[in-house]
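Heads up: the sequence shown begins at 1 in full-length UniProt numbering, then just goes up one per residue.
Just below is one structure, and these are the notes that go with it.
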Amino acid sequence: MATNESERELVLQRELPFGRELIWKAMTEPEHVNRWWGPDGFRNEHVSMDFRVGGSWTFEMVAPDGTRYPNHAVFKEITPPSKLVYDQGCGKRVWFEASITLEEAGSGTLLTLRQLYPDKQSRDEVIEKFGAVEGGKQHLAKLEAYLKQNLT
């Protein structure tokens, strides 16, 4: 039985008081993205980024308790400064397709982060087991704080 795409997706949005170019820079340049990426208390180690279509971004996300989560992303679409699409996984399998869009809005930019999972159960598991909605909100708040403190 086919599932509706909306049942497989997790969508988070945040309006940021910055231009798309500045947000794009913070999201796509390793010297910036690795300083804010992830929920509160997490950090990234062993980072490598080949920022081009077909290139990969690998890192270990380290939780506050020391648990390590290997991450491996492969870039599928790069359209500066408005859209970034990549497959996100652990190097052994893809967990979801992520797309980030940046749209001019009011006096800033509307950032939309969309994760499309293979099925509803996979999406529900990350929400329930890993707190993906709250973690995603923290992630976007860290981006805004980083931009305010470091790039403006």
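Where is the CB? At the ideal position from N, CA and C, for every residue including glycine.
Fair warning: this is a prediction, and the values are worked out from it, not measured in the lab.
Assigned secondary structure, residue i (DSSP; H/G/I helix, E/B strand, else coil)
| i | result |
| --- | --- |
| F130 | helix |
| W95 | strand |
| Y86 | strand |
| W57 | strand |
| residue 158 | Residue 158 falls outside the range modelled here, since the chain spans only 1 to 152, and no answer is possible. |
| E29 | coil |
| N34 | helix |
| N150 | helix |
| A63 | coil |
Within 7 Å, strictly: CB atoms of residue i and residue j
| i | j | result |
| --- | --- | --- |
| G109 | L16 | The question names Gly, but residue 109 in the sequence shown is Thr. Taking 7 Å as the Cβ cut-off, T109 and L16 qualify as a contacting pair. |
| K142 | W57 | no |
| F75 | Y86 | yes |
| A63 | F42 | yes |
| R8 | Y117 | yes |
| A73 | Q88 | yes |
| I78 | V53 | yes |
| R20 | P81 | yes |
Backbone CA spacing between residue i and residue j [nearest angstrom]
| i | j | result |
| --- | --- | --- |
| Q138 | D40 | 6 Å |
| T101 | K83 | 4 Å |
| R93 | D50 | 19 Å |
| T112 | L140 | 10 Å |
| A98 | Q121 | 17 Å |
| R123 | P70 | 19 Å |
| G135 | Q115 | 13 Å |
| I133 | E103 | This sequence places Val at residue 133; Ile is not what is there. One C-alpha to the other measures close to 21 Å. |
| M1 | D119 | Note that M1 scores 40 on pLDDT, short of 50, meaning its location in the model is unreliable and no value can be drawn from it. |
| Q149 | M61 | 22 Å |
| N44 | R68 | 9 Å |
Nearest-angstrom Cβ-Cβ length linking residue i and residue j, presumed shorter than 8 Å
| i | j | result |
| --- | --- | --- |
| L151 | L12 | Not a contact, Cβ separation roughly 21 Å. |
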